[in-house]
Amino acid sequence: MASVPSLASSLHQRIADALSAALPEAGAADPLLRRSDRADFQANGMLALAKKLGGNPRELAGKVVEGLPAGELIKEVEVSGPGFLNITITDEAITKTLAARAADERLGAPLAEHPGTTVIDWAQPNVAKEMHVGHLRNSVIGNAVVRILEFTGEKVISRHHIGDWGTQFGMLIQYLIEHPHELDHKAEGEVSGEEAMSNLNRLYKASRALFDADEEFKARARRRVVDLQAGDEETLALWQRFVDESKIYFYSVFDKLDVEIRDEDIVGESGYNDMLAETCRMLEESGVAVRSEGALCVFFDDVKGPDGNPVPLIVQKSDGGFGYAATDLSAIRDRVFNLKADTLLYVVDVRQSLHFKMVFETARRAGWLTDDVKAVQLGFGTVLGKDGKPFKTREGETVRLVDLLDEAIDRASAIVREKAQDLTEEEIAERGAQVGIGAVKYADLSTSAARDYKFDLDQMVSLNGDTSVYLQYAFARIQSILRKAGAAAPVAHPELALAPAERALGLHLDQFAATVAEAAGEFAPHKLAGYLYQLASLYTTFYDQCPVLKAEEEAQVENRLFLCDLTARTLRQGMELLGIRTPERL
Ligand code: ARG
Numbered sequence: 001m002a003s004v005p006s007l008a009s010s011l012h013q014r015i016a017d018a019l020s021a022a023l024p025e026a027g028a029a030d031p032l033l034r035r036s037d038r039a040d041f042q043a044n045g046m047l048a049l050a051k052k053l054g055g056n057p058r059e060l061a062g063k064v065v066e067g068l069p070a071g072e073l074i075k076e077v078e079v080s081g082p083g084f085l086n087i088t089i090t091d092e093a094i095t096k097t098l099a100a101r102a103a104d105e106r107l108g109a110p111l112a113e114h115p116g117t118t119v120i121d122w123a124q125p126n127v128a129k130e131m132h133v134g135h136l137r138n139s140v141i142g143n144a145v146v147r148i149l150e151f152t153g154e155k156v157i158s159r160h161h162i163g164d165w166g167t168q169f170g171m172l173i174q175y176l177i178e179h180p181h182e183l184d185h186k187a188e189g190e191v192s193g194e195e196a197m198s199n200l201n202r203l204y205k206a207s208r209a210l211f212d213a214d215e216e217f218k219a220r221a222r223r224r225v226v227d228l229q230a231g232d233e234e235t236l237a238l239w240q241r242f243v244d245e246s247k248i249y250f251y252s253v254f255d256k257l258d259v260e261i262r263d264e265d266i267v268g269e270s271g272y273n274d275m276l277a278e279t280c281r282m283l284e285e286s287g288v289a290v291r292s293e294g295a296l297c298v299f300f301d302d303v304k305g306p307d308g309n310p311v312p313l314i315v316q317k318s319d320g321g322f323g324y325a326a327t328d329l330s331a332i333r334d335r336v337f338n339l340k341a342d343t344l345l346y347v348v349d350v351r352q353s354l355h356f357k358m359v360f361e362t363a364r365r366a367g368w369l370t371d372d373v374k375a376v377q378l379g380f381g382t383v384l385g386k387d388g389k390p391f392k393t394r395e396g397e398t399v400r401l402v403d404l405l406d407e408a409i410d411r412a413s414a415i416v417r418e419k420a421q422d423l424t425e426e427e428i429a430e431r432g433a434q435v436g437i438g439a440v441k442y443a444d445l446s447t448s449a450a451r452d453y454k455f456d457l458d459q460m461v462s463l464n465g466d467t468s469v470y471l472q473y474a475f476a477r478i479q480s481i482l483r484k485a486g487a488a489a490p491v492a493h494p495e496l497a498l499a500p501a502e503r504a505l506g507l508h509l510d511q512f513a514a515t516v517a518e519a520a521g522e523f524a525p526h527k528l529a530g531y532l533y534q535l536a537s538l539y540t541t542f543y544d545q546c547p548v549l550k551a552e553e554e555a556q557v558e559n560r561l562f563l564c565d566l567t568a569r570t571l572r573q574g575m576e577l578l579g580i581r582t583p584e585r586l
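Dropping the structure here:
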């Protein structure tokens, strides 16, 4: 494992040094380096600096150039316009850096020297309820962020804060007591995810109907809630059956989504029951929370309702019941003090932003969150239908996640079948799932999480454009070239001159590690997705302009195969960090 500095960072350092030599009073001024179409890089920093210090930017730029002689890294530096620097890198430096990346299984990406501990709250469906498109987002984004953070060396602990507690269980449990065989299975492991969900749906509907129609049942259901909260054993055992039945269903959906969830990471709302009373006592004793009309509340100067009255965070209701906030506050105590997190991340719908703002602020006042702990809600936007409105079925109901996934897999399988020449039926089914699920994940990950996006399957499975299918085909095409070329390990030839398309591809390949670091630092998988799309596009241009197996000289064939191979490895690694498969053949 060897971390490889990027050409951009080496160049940045060189220019910064030349700048402070030319103008000592500039201190550690940023040369503002970026990729450019005219040369390889452009540095604009001289403009702002000359303005600030009252000099002529072209003159300053000229002096900086003197400190940047041509050499191994720099081929040429030119002053242009009002005082930009246009910088061209040597072909040799590009190929050598790429060879160093290729020699490292992490493609030259460093591991954090002092990794922290992140507890990430993601993939949190609700017991006895169907999973919908919102759960697609918290699963897909959460999974990508986990993978990206782990790749940087961070210790990541997942918490699936499933909705497994609440008054609705009184009704469900009471119904099951009165209809004892409703959840019986023929034998262990005999129930599919779909069957489990339909059992739960049936029970939910039947108990709801009884609850609404029968006052006596309603009273019994309410008493059952009290038993549940008091920890009555029989009641808890029945509650557990609902949780278990739901887990059969959740796991079947996560399996289809190709997202791995570990049982020990499922710590739902119920997991914090033992802490709730203490959390409230601590808040009340410290004065962070106060009694208001019987409820225990936390107030905020800047949170007011439409009538101008403050809207408090209610940690305990006037009837003594604890709600969502008390649970989340207890979870913070657990994550900070027991799990020793220094970052708390919540992949949750932006519509819960106010809740998290109030919860974090309360935890800060209580001293549970200190300056050493970062708490962030990675809030995601709404999935919209083609009409731009929140995604609904024609009947106006929320769309079942499973139905969407099945449709995506069907569409993708049709495409794979059409393109496949030598694939068996089994292979088509496997690839179809990888392409279809990849398409759904990529569409979700390729725009920044906070934005809404339209769920448009036609666009998602398109072979052209910013889709995972395009990326997967680019990867598979490279594999087929490499297979044709034979098994020899790729050899780089730094002595060869590079064509423009090779340079562009090479400079982009060199940015992989920096892009991953940026995506990790900002919890922004879309930055990695954008990088990969550009990589595949640059590869397509390279492939159109530079014959690989039919290149003129043997050394050039080898160097181009080397570029193909590194592109494929970068695509595969990048897609893996997004949780998307890259089949070898398509
Ligand atoms: N179960 C909730 C829902 O489906 C999301 C839970 C989010 N996590 C949390 N710690 N509150 O909306």
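Per full-length UniProt numbering, the sequence shown starts with residue 1, numbered consecutively.
All C-beta atoms in this analysis are idealised placements derived from N, C-alpha and C, irrespective of residue type, glycine included.
Quick caveat, the model's predicted, so the values are computed rather than measured.
Could you tell me if residue i is buried or exposed, where buried requires 16 or more neighbouring beta carbons within 10 angstroms of its beta carbon?
{"i": "Val-226", "result": "exposed"}
{"i": "Glu-245", "result": "buried"}
{"i": "residue 669", "result": "The question about residue 669 has no answer, for the chain in this structure spans 1 to 586."}
{"i": "Arg-202", "result": "exposed"}
{"i": "Phe-391", "result": "buried"}
{"i": "Pro-525", "result": "buried"}
{"i": "Ile-177", "result": "exposed"}
{"i": "His-132", "result": "buried"}
{"i": "Ser-468", "result": "buried"}
{"i": "Lys-441", "result": "buried"}
{"i": "Pro-24", "result": "exposed"}
{"i": "Thr-235", "result": "buried"}
{"i": "His-161", "result": "buried"}
{"i": "Leu-463", "result": "exposed"}
{"i": "His-114", "result": "exposed"}
{"i": "Glu-154", "result": "buried"}
{"i": "Leu-505", "result": "buried"}
{"i": "Pro-31", "result": "buried"}
Can you give me the C-alpha to C-alpha distance between residue i and residue j, rounded to a whole angstrom?
{"i": "Ile-248", "j": "Arg-106", "result": "36 Å"}
{"i": "Gly-396", "j": "Thr-97", "result": "55 Å"}
{"i": "Lys-389", "j": "Thr-398", "result": "12 Å"}
{"i": "Thr-327", "j": "Val-145", "result": "24 Å"}
{"i": "Glu-78", "j": "Asp-37", "result": "14 Å"}
{"i": "Val-491", "j": "Ala-102", "result": "10 Å"}
{"i": "Ser-537", "j": "Arg-400", "result": "34 Å"}
{"i": "Leu-276", "j": "Lys-218", "result": "26 Å"}
{"i": "Arg-569", "j": "Lys-51", "result": "45 Å"}
{"i": "Gly-55", "j": "Lys-75", "result": "27 Å"}
{"i": "Glu-293", "j": "Tyr-272", "result": "26 Å"}
{"i": "Thr-541", "j": "Ile-409", "result": "30 Å"}
{"i": "Ala-443", "j": "Met-460", "result": "6 Å"}
{"i": "Arg-34", "j": "Ala-43", "result": "6 Å"}
{"i": "Arg-147", "j": "Gln-421", "result": "34 Å"}
Taking DSSP as the reference, what is the three-state secondary structure of residue i?
{"i": "Leu-276", "result": "helix"}
{"i": "Asn-559", "result": "helix"}
{"i": "Asp-184", "result": "coil"}
{"i": "Ser-20", "result": "helix"}
{"i": "His-508", "result": "helix"}
{"i": "Val-376", "result": "strand"}
{"i": "Pro-115", "result": "coil"}
{"i": "Ser-158", "result": "strand"}
{"i": "Lys-392", "result": "strand"}
{"i": "Val-348", "result": "strand"}
{"i": "Ile-261", "result": "coil"}
{"i": "Leu-549", "result": "coil"}
{"i": "Gly-153", "result": "coil"}
{"i": "Asp-121", "result": "strand"}
{"i": "Leu-176", "result": "helix"}
{"i": "Arg-585", "result": "coil"}
{"i": "Val-383", "result": "strand"}
Is any heavy atom of the ligand ARG found at a distance shorter than 7 Å from the C-beta of residue i?
{"i": "Asp-121", "result": "yes"}
{"i": "Gly-163", "result": "yes"}
{"i": "Val-348", "result": "yes"}
{"i": "Gln-124", "result": "yes"}
{"i": "Ala-331", "result": "yes"}
{"i": "Asp-328", "result": "yes"}
Quick one: which unbroken alpha helix (DSSP H) runs of 4-plus residues sit fully inside the segment 423 to 491? Chain order, please.
Runs of the alpha helix (DSSP H) inside the segment 423 to 491: 425 to 445, 457 to 460 and 468 to 485.
Residue ranges of each beta strand (DSSP E) run of no fewer than 3 residues wholly in the UniProt domain "Arginyl tRNA synthetase N-terminal" (9 to 89), ordered along the chain?
Listed in chain order, the complete beta strand (DSSP E) runs (minimum 3 residues) inside the UniProt domain "Arginyl tRNA synthetase N-terminal" (9 to 89) are 33 to 35, 41 to 43, 74 to 80 and 84 to 89.
Can you check the segment 292 to 336 for any alpha helix (DSSP H) of at least 4 residues that lies completely inside it and give the ranges in chain order?
Taking only runs of at least 4 residues, the alpha helix (DSSP H) segments lying wholly in the segment 292 to 336 are 324 to 333.
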